[in-house]
Amino acid sequence: MMEQRKGRRLILFPLPLQGHINPMLDLANILHYKGFSITLIHTNFNSPNPSNYPHFTFHSLQDGISATEASTNDVVSLLSLLNIKCAEPFKDCVRSLVSDDVSQEPVSCLISDAIFHFTQAVAESLKLPRIVLRTGGASSFVVFAAFPLLREKGYLPIQETRLEDPVVELPPLKVKDLPVINTLNPDTFHQLVENVVSATKASSGLIWNTFEDLEQSSLASLSQQFSIPMFPIGPFHKHNLAIPSRSSSLLAEDQTSIPWLNTKPPKSVVYVSFGSIAAISEREFLEIAWGLAKSEQPFLWVVRPGLVHGAEWLEPLPSGFLESLSGRGHIVKWAPQQEVLAHEAVGAFWSHNGWNSTLESVCEGVPMICSPCFSDQKVNARFVSQVWKVGLQLESGKLERGEIEKIIRKLMTREKDGDEIRVRVSELQDKADNCLKQGGTSYESLESLVSHIFSLETFNFSHSQESVKTVV
Ligand code: UDP
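Following the numbering used here, the numbering of the sequence shown begins with 14 at its first residue and continues without gaps.
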C-alpha cells in the first residue's frame, strides 16, 4: 500500500539521456510511493512522456538546444552545453515553483542528476537544499573523484604505451580501464568531471542506484572522501511499489522480442545490446554478426538506428544473413530490456556495461560478456569480470569473429568457467533481492533518505510542520 502523503513536494531534474532518465523516473516513483509529491523539470530535448506518469507534475524548459547540437556524436560537448544553456531557464522555473509553495505544498529539496552540476549554484542562490542522484555506479565514481591524482601521477591523459600498466592506487584497474571518452575537447571532459565531483561534494546528500553488497568498498571510500550522507537504495527498478511501472524508453520497444524468446529453450539465448549512445564501426558490426552466427547459439540483438557509424540500420549486413540462420537470430531496434533479461530463455548478456544494463543483468542473474566502449563502462566491465567475476571481458583488440565465437561458447556451454560465473551471478541476484526487503541495506537506506529530506527542512523553512495528509 502506498504510504501516507507527506504534504511535501520534491523537484527532480533528470539529465536527458536514456541511461539517466530511467533511474530518475524510477526514483520519482519510489519517492512518490513514500508519500512525496513529485515535480519533474525536463528539457525539451529527449523529454519523457508525461502521459505515462499522470501522478507527477511536469515542467518543460526552453533549453535552446538545436537539433544538430542534440544529435552530436560528442557527448562531452552536449553535456557541457546542457550545463550552460539550461542554467537561466532552470533557475526561473525553480524560483517560480518555490515561491508558489505558500499556496501549494512546500518544496523540500531539489534532486538533480550529478552531471547537471550548475544546479548546485542555483539551489544555493534560492536557499533550496540539493540532493544529487548519481545514475552510474559508485566504483566508477571513485575513479572520477581520483582524476586529479591520476593526472598528477601521469596515468592521465592515457599514453598508448601504458595501456596494460596497473593503476596501483585503484586495483584491479589498468590504464586501459580508466573512464575516458573520445572527444574533440579532452580539457572540457576533465573540467566537467571536476565540476560534477565538486558540486556533488557541496550538495546535501548523494543517492546511488546500487546496493551495499555490490559496491561496499567503493561506497566506503567515497564516504571517507565526501562529507555528505550517502544513500545506496538500489536497484531502483526492483523496488516493489505495488503499481506497475511504465516504460521511460525514448524509442519504441519492439513487441516481437518476447514472443520470439518464448520459442527458445531456457538459458540458450545471447542478448546483445550496447545501450542508447555507444556506436561501432561497420567492421566491428560485421565481426559481431559473424561471431554470433558462428557461435551457433540463438541471439537477440538490439541494433539501434545510429549504432553503426555511417549506416542507417542493417544495410552493412550481407543479404540473406538472417535467413541463413534459420530463425536462430532476431534483430530489433530497441528491446524491452528488463523484460528480456528476466526471460528464462536468456542465458547471457553481451553488453557495453552501461551502469543500468550492468545492474539489470545482475538483478536477473544473467552472466555478461563485456565490451565497454567509453567512460564509466570501462570500470563497470572490469568490476564485472574481475571483482564480482560474473562475466567475461572481450578485450578491445579482440572484437573479431573467432574470438567472439570462443567467448560465447566459453560462457554458454557447460564449461567450468561458465558454471562458476553462473553460480556467482545468481548469488549476487539473491543479494540484490534481499537488500530491498525490510531490514535490508537498501530498504533501510531509503528510510534514512526520507528522514534526511525532512531534516533538511529545519534549516530551510520557517514553515511549521503541517499536519500530514492522508491518502484518500
Ligand atoms: N534499454 C532498453 N532497450 C534496449 C537497450 C537499452 O530498454 O534495447 C535500456 C536499458 O534497460 C537501460 C538503458 O536503456 O535501462 C540503458 O542504460 P545504460 O546505463 O545501460 O546505458 P547507456 O544507454 O546510458 O549507454
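Built from N, CA and C at the ideal position, the CB exists for glycine as well.
Since this is a predicted model, take the numbers as computed values, not measurements.
Distance from the C-beta of Ser286 to the nearest heavy atom of ligand 1 is below 6 Å. According to the DSSP assignment, Tyr284 belongs to the beta strand (DSSP E) that extends over 282-286.
Shown here, Gln406 sits in a strand according to DSSP, grouped into three states. Look at Ser339 here: in three-state DSSP terms it is coil, with no helix or strand label. Note that the C-beta distance between Cys386 and His365 is below 7 Å. Contact annotation: Leu254 and Tyr46 have beta-carbon atoms nearer than 7 Å. Beyond the five residues adjoining it in sequence on each side, Pro36 comes within less than 6 Å, by CB distance, of Thr148, Asn222, Phe249 in the same chain, given in chain order.
The beta carbon of Glu418 sits closer than 6 Å to the beta carbons of Gly304, Lys307, Ser308 from its chain, once the five residues preceding and following it are set aside; these are given in chain order. Within the same chain, and ignoring the five residues on either side of Ser121 in sequence, the residues whose Cβ sits closer than 8 Å to its Cβ are Arg21, Arg22, Leu23, Phe49, Pro142, Ile466, Phe467, Leu469, Glu470, Asn473.
Check the Cα spacing between Ser370 and each of Pro102, Tyr284, Leu320: the tightest is with Tyr284.
Residue Phe58 holds the alpha-carbon nearest to the alpha-carbon of Gln31 among Ile51, Leu330, Phe298, Phe58.
Taking Ser286 as the centre and dropping the five residues before and after it, the same chain places the C-beta of Val315 closer than 6 Å to its C-beta, in chain order. Taking a contact to require three or more Cβ pairs closer than 8 Å, the segment 130-138 and the segment 94-113 qualify as touching. In the three-state DSSP reduction, Asp39 falls in the helix class (H, G or I). Residue nearest to Gln172 within the set Val181, Lys187, Pro161 is Lys187 (criterion: CA-CA distance).
Secondary-structure assignment with DSSP links Ile256 through no beta bridge to anything. Taking the Cβ atoms as the reference, Phe160 lies roughly 5 Å from Val206, within the contact range of under 8 Å. In this structure the segment 338-349 lies against the segment 250-270, because at least three pairs of beta carbons, one per stretch, are closer than 8 Å. Fewer than three Cβ pairs drawn from the segment 235-249 and the segment 263-278 lie within less than 8 Å of each other, which leaves the two stretches out of contact. Taking the Cα positions, Leu38 is about 32 Å away from Val436. Ligand 1 approaches Gln31 closely enough that one of its heavy atoms is under 6 Å from the residue's Cβ. Judged by their CB atoms, Pro199 and Ser388 are not nearer to each other than the 7 Å cut-off. The bridge partners DSSP lists for Asp200 come to none. The beta carbon of Ser281 is closer than 7 Å to those of Gln310, Pro311, Ala358, Gly360 in its chain, skipping five residues each way along the sequence.
Taking a 10 Å sphere around the C-beta of Val155, we find 16 or more other C-beta atoms and assign the residue as buried. Taking 7 Å as the cut-off, the Cβ atoms of Thr56 and Pro29 count as close. Bounds of the beta strand (DSSP E) holding Gly360 are 359-364. When distances are taken from the beta-carbon of Ala348 to the heavy atoms of ligand 1, the shortest one is below 6 Å. Taking the Cα positions, Asp446 is about 27 Å away from Thr426. For ligand 1, no non-hydrogen atom lies closer than 6 Å to the CB of Ile246. For Ser289, the distance from the CB to the nearest heavy atom of ligand 1 is below 6 Å.
With a cut-off of 6 Å, the C-beta of Gly453 is classified as distant from ligand 1, since no heavy atom of the ligand falls inside that distance. With a cutoff of 7 Å on beta-carbon distance, Cys448 and Lys251 are scored as not near each other. The C-beta of Pro380 has 16 or more other C-beta atoms within 10 Å across all chains shown, which makes the residue buried.
Note on Ile43: 16 or more other CB atoms within 10 angstroms of its CB, so buried under the neighbour-count rule.
Per DSSP, reduced to three states, the secondary structure at Arg296 is helical.
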